[in-house]
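Chain order of the listed sequences is A and B. For the first sequence, numbering that gives the first Met the number 0 assigns the number 0 to the initial residue and increments by one for each residue that follows. For the second sequence, numbering that gives the first Met the number 0 assigns the number 0 to the initial residue and increments by one for each residue that follows. Where a beta carbon is used, it is the ideal one built from N, C-alpha and C, also for glycine. All figures in this text were calculated on a predicted structure; none of them were measured in a lab. Only one structure is covered here, and it is reproduced in the block below.
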Amino acid sequence: MTFRAAIDPTLGKEIATMTTRILLVDDHPIVREGLKTVLQRRPGWEVVGEASDGEEALEKAEALHPDVIVLDITMPKMNGLEVCRVLRQNANGSSDGEIPEVLFVTQHDSPQMLKEALGVGAKGYVVKSNAARDLLEAIEVVSQHRVFTALARPGEKPQGAN
Amino acid sequence: MKLRILLADDHEIVRRGLASLLIRHEGWEICGEANDGREAVEKVRQLKPDVIIIDIGMPNLNGLDATRRILQEDPTAKIIVLTVTDADQVIREALDAGARGFVLKSDAARDLVTAIEALESKRMFFTPRVNELLLAGFLEKGHAISRNHPPTLPTLTAREREITQLLAEGRSSKEAASLLNLSTKTIETHRSNIMRKLSLHSIRDLVVYAIKNKIIQIEVPPDSAGPLPIPIPKPVPSAQ
Numbered sequence: 000m001t002f003r004a005a006i007d008p009t010l011g012k013e014i015a016t017m018t019t020r021i022l023l024v025d026d027h028p029i030v031r032e033g034l035k036t037v038l039q040r041r042p043g044w045e046v047v048g049e050a051s052d053g054e055e056a057l058e059k060a061e062a063l064h065p066d067v068i069v070l071d072i073t074m075p076k077m078n079g080l081e082v083c084r085v086l087r088q089n090a091n092g093s094s095d096g097e098i099p100e101v102l103f104v105t106q107h108d109s110p111q112m113l114k115e116a117l118g119v120g121a122k123g124y125v126v127k128s129n130a131a132r133d134l135l136e137a138i139e140v141v142s143q144h145r146v147f148t149a150l151a152r153p154g155e156k157p158q159g160a161n
Numbered sequence: 000m001k002l003r004i005l006l007a008d009d010h011e012i013v014r015r016g017l018a019s020l021l022i023r024h025e026g027w028e029i030c031g032e033a034n035d036g037r038e039a040v041e042k043v044r045q046l047k048p049d050v051i052i053i054d055i056g057m058p059n060l061n062g063l064d065a066t067r068r069i070l071q072e073d074p075t076a077k078i079i080v081l082t083v084t085d086a087d088q089v090i091r092e093a094l095d096a097g098a099r100g101f102v103l104k105s106d107a108a109r110d111l112v113t114a115i116e117a118l119e120s121k122r123m124f125f126t127p128r129v130n131e132l133l134l135a136g137f138l139e140k141g142h143a144i145s146r147n148h149p150p151t152l153p154t155l156t157a158r159e160r161e162i163t164q165l166l167a168e169g170r171s172s173k174e175a176a177s178l179l180n181l182s183t184k185t186i187e188t189h190r191s192n193i194m195r196k197l198s199l200h201s202i203r204d205l206v207v208y209a210i211k212n213k214i215i216q217i218e219v220p221p222d223s224a225g226p227l228p229i230p231i232p233k234p235v236p237s238a239q
């Protein structure tokens with residue numbers, strides 16, 4: 000979370016607002032477009048960059064220091080699980096700055112994949128078919144370093160707890 | 000008069016992306032959206048859109064069968080299919096079904112506007128691979144891929160394909176019956192006809208057939224995650 004000084008026009012004085020900086024990673028531009036459209040509903044959230052494969056994701060993460068990375072799993076060059084693993088490894092080696100939290104948005108509606116995603120250090124897991132519904136809440140929770148997971152299977156409710 | 004577009008895709012996030020892309024184009028509007036093939040057929044009836052964008056891999060009724068159904072009811076409907084693959088068989092089926100445009104989902108942000116513009120001026124739009132296939136067909140046979148190329152598999156009727164999809168998705172005969180407003184007995188009769196036609200012996204075989212023939216699609220996990228199991232459908236009461 001980045002704190003930024005802003006002017007409140009009604010009060011005419013500086014107040015602190017929080018911006019959540021988001022990096023979107025998916026190999027389909029049309030999906031990124033859809034994610035952006037949903038994210039625009041939330042003032043104060045900013046899409047700082049986009050990437051279409053795993054390698055580009057790592058480069059952009061390093062250059063842009065996002066708070067949250069919305070990450071696809073199945074992608075060319077390097078899949079999302081691998082990206083997440085590398086991000087965590089790099090973070091362990093250095094002490095400067097905050098590590099971005101990873102929220103997976105994937106077509107895999109599978110408990111095994113969910114387990115694997117949390118295993119590589121992700122904080123969030125949302126299924127693509129429900130992304131339009133779950134995305135905002137998931138980013139909210141994940142940006143506070145808490146866990147949010149939601150499979151699409153009948154009877155499964157989103158888990159927003161720690 | 001605006002060009003009215005219907006979007007059918009089971010992922011809302013994809014529909015949001017498509018809508019955001021298309022409404023930037025002057026004179027175009029999204030007149031409706033559908034979550035699956037059955038809803039698409041229904042919405043086309045109600046809304047009479049000028050152009051229909053339809054995803055192939057959708058639950059309940061896939062995009063190709065929805066395309067067939069829509070064109071059966073209105074042969075002038077203009078349909079662009081969205082697909083994750085341009086494998087030859089999928090292309091052939093889409094053309095056979097009567098689609099006038101074929102766009103890869105990965106290229107949709109680039110190609111979809113062009114495809115709709117082509118339809119507006121009474122042309123068609125296909126990916127380079129489709130054009131290659133069409134041309135190859137033209138050179139080989141002296142005419143483009145025709146509607147009566149020899150079927151590679153026993154032909155199921157539209158109803159049978161629809162029931163195949165529902166059963167392969169794990170629905171019971173009773174559930175399929177209620178979805179299609181038919182009796183359970185009718186579904187079971189169809190089911191045994193399908194199994195006989197395709198020489199299949201179990202629902203498991205039917206699932207494999209449905210996957211192979213793209214009636215249903217399954218997710219392919221990345222290598223590191225290991226294989227995901229094919230969903231095992233619930234047992235269906237025997238028709239015999």
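With a cut-off of 8 Å, does the C-beta of residue i fall near any C-beta of chain D?
i: A:L113; result: The question asks about chain D, but that chain is absent: this structure's protein chains are A and B.
For residue i versus residue j, is the C-beta spacing smaller than 8 Å?
i: B:V80; j: B:A98; result: yes
i: A:F103; j: A:G120; result: no
i: A:V30; j: B:G100; result: no
i: B:R14; j: B:E28; result: no
i: B:I210; j: B:R190; result: no
i: A:K65; j: A:I98; result: For the record, residue 65 of chain A in the displayed sequence is Pro; it is not Lys. Not closer than 8 Å, so no.
i: B:T183; j: B:S172; result: yes
i: A:G53; j: A:K76; result: yes
i: A:F147; j: A:G123; result: yes
i: A:S128; j: A:T19; result: no
i: A:V37; j: A:L135; result: yes
i: B:D86; j: B:I51; result: According to the sequence shown, residue 86 of chain B is Ala rather than Asp. Cβ atoms of B:A86 and B:I51: not closer than 8 Å.
i: B:D9; j: B:D35; result: yes
i: A:L63; j: A:G43; result: no
i: A:A137; j: A:V126; result: no
i: A:A130; j: B:I22; result: no
i: A:L70; j: A:V101; result: yes
i: B:Q216; j: B:G56; result: yes
i: A:A56; j: A:I72; result: no
i: B:T164; j: B:L20; result: Note that residue 164 of chain B is Gln in the sequence shown here, rather than Thr. Contact flag unset, no.
What three-state label does DSSP hand residue i in the structure shown?
i: B:V206; result: helix
i: A:D164; result: Given that chain A is displayed from residue 0 to residue 161, the structure contains no residue 164 of chain A and the question cannot be resolved.
i: A:V24; result: strand
i: B:L2; result: strand
i: B:D54; result: strand
i: A:G79; result: helix
i: B:I29; result: strand
i: A:M112; result: helix
i: A:L102; result: strand
i: A:V126; result: strand
i: A:E162; result: Not covered by the structure: residue 162 of chain A. The range shown for chain A is 0 to 161.
i: B:T185; result: helix
i: A:A121; result: coil
i: B:T156; result: coil
i: B:M194; result: helix
i: A:A151; result: coil
i: A:T19; result: strand
Any heavy atom of the ligand FMN closer than 7 Å to the CB of residue i?
i: B:R195; result: For the ligand FMN, the structure offers nothing, since it holds no ligand at all.
Using 8 Å as the Cβ pair cut-off and three pairs as the minimum, do the stretch 32–47 of chain B and the stretch 87–96 of chain B touch?
Fewer than three Cβ pairs drawn from the stretch 32–47 of chain B and the stretch 87–96 of chain B lie within less than 8 Å of each other, which leaves the two stretches out of contact.
Along the stretch 24–56 of chain A, what residues have a CB closer than 8 Å to any CB found in chain B?
Here the close residues are D26, H27, P28, I29, V30, R31, E32, G33, L34, K35, T36, V37.
Decide if the stretch 20–28 of chain A is in contact with the stretch 2–9 of chain B; the criterion is three or more beta carbon pairs, one per stretch, under 8 Å apart.
No: the two stretches stay apart, fewer than three of their Cβ pairs being nearer than 8 Å.
Name the residues in the stretch 87–105 of chain B whose C-beta lies less than 7 Å from a C-beta of chain A; which are they?
Under the 7 Å Cβ criterion, the stretch 87–105 of chain B contributes K104, S105.
Does the stretch 165–172 of chain B come close enough to the stretch 125–136 of chain B to have 3 or more Cβ pairs within less than 8 Å?
As far as the Cβ criterion goes, the stretch 165–172 of chain B does not touch the stretch 125–136 of chain B, which means the pair count is below three.
Length at least 3, wholly inside the stretch 48–136 of chain B: the beta strand (DSSP E) runs in chain order:
Entirely contained in the stretch 48–136 of chain B, the beta strand (DSSP E) runs reaching 3 residues are, in chain order, 50–54, 78–82, 100–103.
The stretch 6–24 of chain B: positions lying closer than 8 Å to chain A by Cβ
Within the stretch 6–24 of chain B, the qualifying residues are D9, H10, E11, I12, V13, R14, R15, G16, L17, A18, S19, L20.
Meets three-Cβ-pair contact criterion under 8 Å: the stretch 191–208 of chain B and the stretch 60–80 of chain B
Counting Cβ pairs under 8 Å, fewer than three are found: no touch.
Can you list, in chain order, the residues of the stretch 118–132 of chain A whose Cβ is nearer than 7 Å to any Cβ on chain B?
Those residues of the stretch 118–132 of chain A that come within reach of chain B (Cβ to Cβ, closer than 7 Å) are K127, S128, A130, A131.
Determine which residues of the stretch 106–137 of chain B have a Cβ less than 9 Å from any Cβ of chain A, and write them out in chain order.
Cβ proximity to chain A below 9 Å picks out D106, A107, A108, R109, L111 from the stretch 106–137 of chain B.
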